[in-house]
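S.K.: Counting from 1 along the sequence shown, just add 140 to a position and that's the residue number in this note's numbering. A virtual CB, placed ideally from N, CA and C, is assigned to each residue, including glycine. Since the model is a prediction, treat every value here as computed from it, not as a measurement. Below is a structure I'd like to ask you about.
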Amino acid sequence: MTNSLPTSLPLSKLVTEMQESATLKMAKMARELKAQGKDVIDLSLGEPDFDTPVHIKEAAKKALDDGYTKYTPVNGLLELRQAIVNKLARENDLHYTVNQIVVSNGAKQSVYNLCMALLDPGDEVILPAPYWVSYAEIVKMAGGVPVIANSSIEQDFKSTPEEIEALITDRTKFILYSSPCNPSGSVFSFDELQALALMLQAHEHVLVVSDEIYEHINFTDRHYTIASMEGMKDRTVIINGMSKGYAMTGWRLGYIAGPDWVADACTKIQGQVTSGASSFGQKAAAVALESDHTPTKDMVKAFHQRRDLIINLLEQIPLLLVNRPQGAFYIFPDVSAYFGRTSTGGYHVKDADDMSLYLLAEARVSTVSGVAFGNEKCIRLSYATSDEKLKDAAERISKALSILI
Ligand code: PMP
Ligand code: GLU
Numbered sequence: 141m142t143n144s145l146p147t148s149l150p151l152s153k154l155v156t157e158m159q160e161s162a163t164l165k166m167a168k169m170a171r172e173l174k175a176q177g178k179d180v181i182d183l184s185l186g187e188p189d190f191d192t193p194v195h196i197k198e199a200a201k202k203a204l205d206d207g208y209t210k211y212t213p214v215n216g217l218l219e220l221r222q223a224i225v226n227k228l229a230r231e232n233d234l235h236y237t238v239n240q241i242v243v244s245n246g247a248k249q250s251v252y253n254l255c256m257a258l259l260d261p262g263d264e265v266i267l268p269a270p271y272w273v274s275y276a277e278i279v280k281m282a283g284g285v286p287v288i289a290n291s292s293i294e295q296d297f298k299s300t301p302e303e304i305e306a307l308i309t310d311r312t313k314f315i316l317y318s319s320p321c322n323p324s325g326s327v328f329s330f331d332e333l334q335a336l337a338l339m340l341q342a343h344e345h346v347l348v349v350s351d352e353i354y355e356h357i358n359f360t361d362r363h364y365t366i367a368s369m370e371g372m373k374d375r376t377v378i379i380n381g382m383s384k385g386y387a388m389t390g391w392r393l394g395y396i397a398g399p400d401w402v403a404d405a406c407t408k409i410q411g412q413v414t415s416g417a418s419s420f421g422q423k424a425a426a427v428a429l430e431s432d433h434t435p436t437k438d439m440v441k442a443f444h445q446r447r448d449l450i451i452n453l454l455e456q457i458p459l460l461l462v463n464r465p466q467g468a469f470y471i472f473p474d475v476s477a478y479f480g481r482t483s484t485g486g487y488h489v490k491d492a493d494d495m496s497l498y499l500l501a502e503a504r505v506s507t508v509s510g511v512a513f514g515n516e517k518c519i520r521l522s523y524a525t526s527d528e529k530l531k532d533a534a535e536r537i538s539k540a541l542s543i544l545i
């Protein structure tokens with residue numbers, strides 16, 4: 141008798157049509173090549189190369205010993221939500237109640253909760269491009285339609301209020317962006333946010349989802365949020381988290397701060413999906429937010445120096461266009477001048493996807509194509525790695541590009 145059990149059954153339309161996360165895919169390819177003994181420099185994944193500060197790890201260990209091993213309230217431990225309220229008051233002069241905070245398994249889940257809570261099929265979300273890879277896919281997962289506002293390196297990758305306004309329709313639910321931005325590193329100034337807020341006065345049905353996860357990694361004088369602009373607090377949902385500013389990517393802790401009705405809806409979604417974030421991690425996050433920020437400041441100092449290092453090296457490459465991002469730990473060079481060229485080894489580079497694969501194959505440097513971020517001319521490099529690796533990577537990239545003729 142033959143065993144006729146199928147090896148797989150049809151998958152859902154949702155997952156079949158969904159794009160895999162390009163950042164995680166490139167990081168996986170780099171990891172696999174490294175496991176094969178290949179000398180790959182991984183500039184694809186956006187995560188601090190620093191370890192979580194010791195006092196935060198100690199707080200998690202203590203929480204375990206103290207018995208914080210059970211479910212927490214779905215929207216997060218009161219102690220952590222209070223620490224977040226305190227942080228928003230202290231650092232942003234924004235005043236929320238603990239009921240307006242929802243803690244999730246990473247800011248990624250905060251984006252997911254929001255999209256699930258706010259979008260009906262056909263609802264539109266304006267994404268100023270370049271945008272973080274997962275925004276468009278999560279919007280689509282929730283049945284929404286991403287509407288892209290394009291920008292270029294010449295405008296520092298920032299869409300103007302006029303360009304955004306031109307995309308607003310009756311179906312627009314919210315505008316979603318990150319500042320400091322992943323992948324461009326661009327930072328909205330006070331004036332730019334004020335102009336955006338002013339434009340939105342004429343469109344009361346549109347909310348803003350402001351992803352501020354790179355808040356601390358900002359090389360300008362200070363971080364500004366649109367939630368502080370006149371009339372905007374009740375129309376803005378702030379997303380933030382522990383991953384970047386506290387080097388806690390693996391802990392999976394993010395949060396939102398927003399109007400009660402949005403927080404309640406996100407809690408309802410989360411109650412059916414994850415029941416909330418890990419208990420002892422939340423205890424440690426409260427300690428991280430309430431304690432001295434010297435480790436964060438030291439990390440930011442290192443990122444600032446590395447930004448200058450990598451930019452100074454890449455600026456010497458003839459056809460590469462680079463700007464000087466003011467935050468996060470990414471640069472997003474325009475590589476389009478190389479499109480249509482072929483390497484001396486026969487590799488034809490027709491677009492940004494090819495360029496990213498070419499650099500992995502030829503230079504053994506892993507990057508992410510701008511296409512996944514809604515930009516067809518650029519590639520993203522994360523400079524959250526050591527000076528030595530950055531110097532080596534720049535040299536390898538330069539050499540690989542020099543043989544494209
Ligand atoms: N937003 C942006 C802009 C990001 O770059 C990331 C990636 N870390 C996230 C959200 C998600 O972060 P996490 O889920 O690790 O909190
Ligand atoms: N946000 C980081 C990045 O853009 C981590 C990977 C991810 O979550 O997509 O690389």
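Relative to the alpha-carbon of P268, which residue among I308, A425 and G262 has its alpha-carbon at the smallest distance?
M.R.: Of the listed residues, the one whose Cα sits closest to P268 is I308.
S.K.: So the candidates are S144, H363 and A306; which of them puts its Cα closest to the Cα of Q466?
M.R.: Measuring from the Cα of Q466, the nearest candidate turns out to be H363.
S.K.: Roughly how many whole angstroms lie between the Cα atoms of R375 and F443?
M.R.: Going by the C-alpha atoms only, they are around 33 Å apart.
S.K.: Helix, strand or coil: which one does DSSP assign to D296?
M.R.: D296 falls in the coil class under three-state DSSP.
S.K.: Quick one: what does DSSP say G394 is sitting in, helix, strand or coil?
M.R.: G394: strand per DSSP, three-state reduction.
S.K.: Out of curiosity, what's the CA-to-CA distance linking I366 and T147?
M.R.: So the two alpha carbons sit approximately 51 Å from each other.
S.K.: Comparing alpha-carbon positions, which option in V475, P458, N215 and R392 lies nearest I353?
M.R.: For I353, the nearest C-alpha among the options comes from R392.
S.K.: Grouping DSSP H, G and I as helix and E and B as strand, with all else coil, what is F313?
M.R.: Phe is not the amino acid found at residue 313; the sequence shown has Lys there. Reduced to three states, the DSSP call for K313 is strand.
S.K.: Does the distance from the CB of L530 to the CB of L449 come in under 8 Å?
M.R.: Yes, the Cβ-Cβ distance between L530 and L449 is below 8 Å.
S.K.: Give every residue whose Cβ lies closer than 5 Å to any heavy atom of ligand 3, listed in chain order.
M.R.: Ligand 3 is not among the ligands present in this structure, which contains only ligand 1 and ligand 2.
S.K.: Note the first and the last residue of the continuous alpha helix (DSSP H) segment covering V273.
M.R.: Taken as a continuous stretch (DSSP letters only), the alpha helix (DSSP H) holding V273 covers V273 to M281.
S.K.: Which one of R536, T525 and S250 has the shortest CA to CA distance from T414?
M.R.: It is S250 whose Cα lies nearest to the Cα of T414.
S.K.: Can you find at least 3 beta carbon pairs, one from the region 276-284 and one from the region 158-176, that sit closer than 8 Å?
M.R.: Segments in contact, yes.
S.K.: Terminal residues of the continuous alpha helix (DSSP H) containing L267?
M.R.: Looking at the DSSP string, L267 is not in any alpha helix (DSSP H); the run it does join, the beta strand (DSSP E), is E264 to P268.
S.K.: With DSSP as the reference, label L220 as helix, strand or coil.
M.R.: Here L220 sits in helix by DSSP.
S.K.: Please report the straight-line C-alpha distance between I543 and I519, rounded to a whole angstrom.
M.R.: Each residue's alpha carbon lies about 18 Å from the other.
S.K.: Residue ranges of each alpha helix (DSSP H) run of no fewer than 4 residues wholly in the region 461-527, ordered along the chain?
M.R.: With a minimum length of 4 residues, the continuous alpha helix (DSSP H) runs that stay inside the region 461-527 are 492-498.
S.K.: Please confirm whether M169 and S506 have their CB atoms less than 8 Å apart.
M.R.: Yes; because the gap between Cβ atoms is below 8 Å, this pair is in contact.
S.K.: With A503 and A477 assumed to form a contact (beta carbons below 8 Å), what rounded beta-carbon distance in angstroms separates them?
M.R.: That belief does not hold up - the Cβ atoms of A503 and A477 are roughly 17 Å apart, past 8 Å.
S.K.: Output needed for A92: all residues of its chain with C-beta closer than 6 Å, excluding positions within five of it in sequence on either side, in chain order.
M.R.: The question about residue 92 has no answer, for the chain in this structure spans 141 to 545.
S.K.: For a quick check, are the C-beta atoms of S244 and Y395 less than 8 Å apart?
M.R.: Taking 8 Å as the Cβ cut-off, S244 and Y395 qualify as a contacting pair.
S.K.: Excluding the five sequence neighbours on either side, which residues of its own chain have a C-beta within less than 6 Å of the C-beta of G514, listed in chain order?
M.R.: For G514, where only same-chain residues beyond five positions count, the Cβ hits under 6 Å are A269, P270, Y271 and I288.
S.K.: How long is the line joining the alpha carbons of K441 and I357, rounded to whole angstroms?
M.R.: Going from the Cα of K441 to the Cα of I357 covers about 9 Å.
S.K.: How about the region 342-350 and the region 308-325: do they share at least three Cβ pairs that are nearer than 8 Å?
M.R.: Touching, per the Cβ criterion.
S.K.: Helix or strand or just coil, what does DSSP make of L336?
M.R.: Three-state result, L336: helix.
S.K.: Cα separation between P213 and V508?
M.R.: Roughly 37 Å between the two C-alpha positions.
S.K.: Which residues mark the beginning and the end of the beta strand (DSSP E) in which T365 is found?
M.R.: Counting along the chain, T365 falls outside any beta strand (DSSP E), and DSSP gives it neither H nor E.
S.K.: How is A247 classed by DSSP in three states: helix, strand or coil?
M.R.: Looking at A247 - three-state DSSP - the assignment turns out to be helix.
S.K.: Distance check for V225 and K384, CA to CA, integer angstroms please.
M.R.: Near 19 Å, if we compare the C-alpha coordinates of V225 and K384.
S.K.: Taking the alpha carbon of A247 as the point to measure from, which residue in V462, E355, D205 and M369 has its own alpha carbon closest?
M.R.: Comparing Cα-Cα distances from A247 to each of V462, E355, D205 and M369, the minimum goes to E355.
S.K.: Quick check on I567: buried or exposed, where buried means 16 or more other Cβ atoms within 10 Å of its Cβ?
M.R.: Nothing can be reported for residue 567, as the shown portion of the chain is limited to 141 through 545.
S.K.: Flag this pair as yes or no: are the beta carbons of A403 and Q240 separated by less than 8 Å?
M.R.: The answer is yes: Cβ separation under 8 Å.
S.K.: Is R446 buried or exposed, if buried means 16 or more other CB atoms sit within 10 Å of its CB?
M.R.: Buried.
S.K.: I'd like to know whether the C-beta of E277 is nearer than 8 Å to at least one C-beta of chain B.
M.R.: The chain inventory of the structure shown lacks chain B, comprising one protein chain alone.
S.K.: With D438 as the anchor, note down where its alpha helix (DSSP H) starts and where it stops.
M.R.: From DSSP, the alpha helix (DSSP H) with D438 extends over T434 to L454.
S.K.: So, G411 versus V377, is the Cβ gap smaller than 8 Å?
M.R.: For G411 and V377, no; Cβs fall outside 8 Å.
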